[in-house]
Every structure is written in C-alpha cells, then in structure tokens.
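Chemist:
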Amino acid sequence: MTVTAVDTLVWAAGAVVLAAVVLLLALLAPWRSVRDETPLPPDVETRLLLGEDPDRVASDVDATGPGPGAPSTSPGTGDPGDLADLSDLSDLTAPPEDGDPDDGATGSTGPAGPPPAS
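Start counting at 1 in the sequence shown, then tack on 1, and there's your number in our numbering.
1. For the alpha helix (DSSP H) containing Thr47, name the first residue and the last one.
2. Please check the pair Val45 and Val18, which I expect to be a contact at CB under 8 Å, by giving their CB distance rounded to whole angstroms.
3. Just to confirm, are Leu50 and Val58 a CB contact at a threshold of 8 Å?
4. If you run the structure through DSSP and keep just helix, strand and coil, what is Asp54?
5. From which residue to which residue does the alpha helix (DSSP H) around Thr3 run?
6. To the nearest angstrom, report how far apart Leu24 and Thr65 are at their CA atoms.
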C-alpha cells in the first residue's frame, strides 16, 4: 500500500467513526426529555394511531378540556398543604446574624457589649 492509500484509509475510517458518534448522539440526546413528557391520554393516543388528523384531535381536546389524568395548569387549584410546604423552605435560608430580633432565639436581643460593671 502506498502512503496515499493509507492516508485515504485513515481519513475514511475517521469519517465513519465521526458519523457513528453523531448518529449515536442524535438518537440518545433527546431521550431524557422525551421520557419526561407527560403521556397522552389513551383515547387521544388511539385516535392518533388510527390516523385521525392531529389538528382535529388537538382542537377536540382543547374544546372538551384536558382528561382526568392531565395536570392542572390553573393557579390556585393546588392543595393548601403545598403552600405550607413552600413556607417551610424559608427555614433553609442563611442563619440570621447575632442580635437579630427576628431570629426567634430566647434571651437578650440587644447588641452585644461589654458586661455590666459590678
């Protein structure tokens, strides 16, 4: 084999490997985002698989509203306990500085100073 043939073979092998890597990334990259999507309701999935027009199916779903398993998107429809859970997150903030009257600690809330003279 000549040097030109070997050089061409190396370039061809590199192109094949690069194409395989790009194909693998194109297949695997969207995998997690696809799995995280909420599944279609069974009746909508059936209508789409039977070949109905997707625009018509979407307009029918919009007209009738989401199915019973669809997540709610309107504000204020959650459980009031969820708001309490969120307010508990305020405990995760940085601890207050010493002498802060809002820190909830017992004892003196005044500024620290020298002890009183006796």
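Yeah, the Cβ is synthetic: ideal placement off N, Cα and C, and Gly gets one too. Every value quoted in this text rests on a predicted model; they were computed, and no experiment measured them.
Modeler: So, to answer that:
1. Pro43 to Leu50
2. That pair is no contact at about 42 Å.
3. no
4. For Asp54, the secondary structure class from DSSP, reduced to helix, strand or coil, is coil.
5. Unbroken run through Thr3: none, as it is neither H nor E.
6. About 41 Å.
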